[in-house]
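Colleague:
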Amino acid sequence: MTDKVEDVGAAVEQQLKVEERPVDATVANKVADASEKKPKKEGKKKKKNQFLLKTPKGTRDYGPEKMYIRNKVFDTIVSVFKKHGAVSIETPVMELKDILTGKYGEDSKLIYDLADQGGEELALRYDLTVPFARFVAQNGIKHIKRYHIARVYRRDNPKMESGRYREFYQCVSSSSSCCRCEWQTRPFERSRVQDGQIPVNQHGNVELFHPAMLPIGAVHMADRPGIAKVARQLGVEYADAVVGFEFSSGRTVPKKNGIVVAEHAAPLLEEAWVATQQHKLQQQVEARQQRIVSLWERLVRRALIKADLDAREELAKRAASGWDGDGSTVHFSRFASQSEDQGNLSYSYNKRPNQHFFTFFIF
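Shown next, in the form of structure tokens:
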């Protein structure tokens, strides 16, 4: 039994025995170099950040310097509001979406919608008007002199213009008559003309948005083109009358109509203006008459030239055909007076036997 076990072990050893073979030196060197250059396994590399550090589109940060300037401006504005008895209110930055969209109509497309987190559809406030209206209606307020400075949000896509953001501040205050200053509500008192001097505003004009605003002792001379020039020529004190404003291309331009003068100077100025208009009209009539005469002269001159050319052509045809009939003389004459712009035009056609004459006179 022991001999059998030894025989089996010898057979297994013979099968597992590895035959030693010579190895090529070149192959051995390559294997050695590869084993030396093989890097060691390292831990997993950290993933790079996949997001960019920046503020959302249409927003910005405020550093210490900008915050100082902004707070200084806000403090100045608030001090003015408080000086006139205004109080501050604060409303949530978000409102119910139905309230906001019911007011803005087409502008509701610019409202920032918020995801439904608690069963209510919300949106960021578009401005401070609707939140204030909701605040007044909800609390049953009849009169309040309030101011409000807060951020608002508009989801528009503006052009790259300076100062335009999606998040910005609005500053609003009450506009009801009960919240105005005393000088805004006291009865209007008309100014007076003193020593011929017209009372004017800081721009040198007289504001005449209503006839009752005309200064006492003054006359509004409206719808008279060129009246200001006549007043300057006569040395009459006057001021331009501003009757309204025109709004175009984002600009506000005062609308003027006539001038304001003292009552004692109005009759003289009116007479001078009428005389000026009559003289101007007479000049226009004379210029029109001269133009008419000039056009008629040009027309007659061209007609005479055409008649001359037609007569020459007719005579040339007769001469070429050997015509030997009665001769003819065509005579044109124009006599103009040096003192007048009118002329006496005459045309005569006389036949003479055996003669061919053509005469054309222009003076």
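Residue numbers (the working numbering): 1 to 363.
C-beta atoms are modelled at their ideal positions from N, C-alpha and C, and glycine is treated no differently.
(1) Residues bridged to PHE245 by DSSP?
(2) With DSSP collapsed to three states, give me the class of VAL200.
(3) Looking at C-beta atoms only, is the number of pairs between the segment 128-142 and the segment 110-119 that lie closer than 8 Å three or more?
(4) Look up LEU281 in the DSSP assignment and say whether it is helix, strand or coil.
(5) Would a C-beta distance cut-off of 8 Å place ALA150 and LEU122 closer than the cut-off?
(6) According to DSSP, is ILE69 helix, strand or coil?
(7) Report the residue ranges of all beta strand (DSSP E) runs contained in full by the segment 205-239; include only those spanning at least 3 residues, in chain order.
(8) Determine the contact status of VAL130 and GLU95, defining contact as a CB-CB distance below 8 Å.
(9) Inspect the CB distances between the segment 240-247 and the segment 206-213 and report whether three or more fall short of 8 Å.
(10) Is ARG302 near the ligand PLP, judged by its Cβ being under 7 Å from some heavy atom?
(11) Would the beta-carbon of ALA265 fall within 8 Å of that of GLY217?
(12) Considering just the uninterrupted stretch of the alpha helix (DSSP H) at GLN138, what are its terminal residues?
(13) Let's test the definition: count the other Cβ atoms within 10 Å of the Cβ of THR298 and tell me whether it reaches 16, buried, or not, exposed.
(14) Residue range of the beta strand (DSSP E) that GLN194 falls in?
(15) Give the DSSP-derived three-state secondary structure of HIS84 in the structure shown.
(16) Measure the C-alpha to C-alpha separation of THR55 and GLU167 and round it to an integer number of angstroms.
(17) My guess is that ARG146 and SER79 are in contact by the Cβ rule of under 8 Å, so how many angstroms apart are they, rounded?
Modeller: Put simply:
(1) PRO254
(2) coil
(3) no
(4) Of the three classes helix, strand and coil, the one that applies to LEU281 here is helix, per DSSP.
(5) no
(6) helix
(7) Runs of the beta strand (DSSP E) inside the segment 205-239: 205-207, 218-221.
(8) yes
(9) Contact between the segment 240-247 and the segment 206-213 is present, because at least three Cβ pairs lie under 8 Å.
(10) Absence of the ligand PLP is noted for the structure shown, with no ligands found whatsoever.
(11) no
(12) 129-139
(13) Sequence check: residue 298 is Arg here, not Thr. Classification of ARG298: exposed, given that the 10 Å Cβ count is below 16.
(14) Neither: GLN194 is in no beta strand (DSSP E) and is coded neither H nor E.
(15) coil
(16) 11 Å
(17) Not confirmed; about 16 Å, so no contact.
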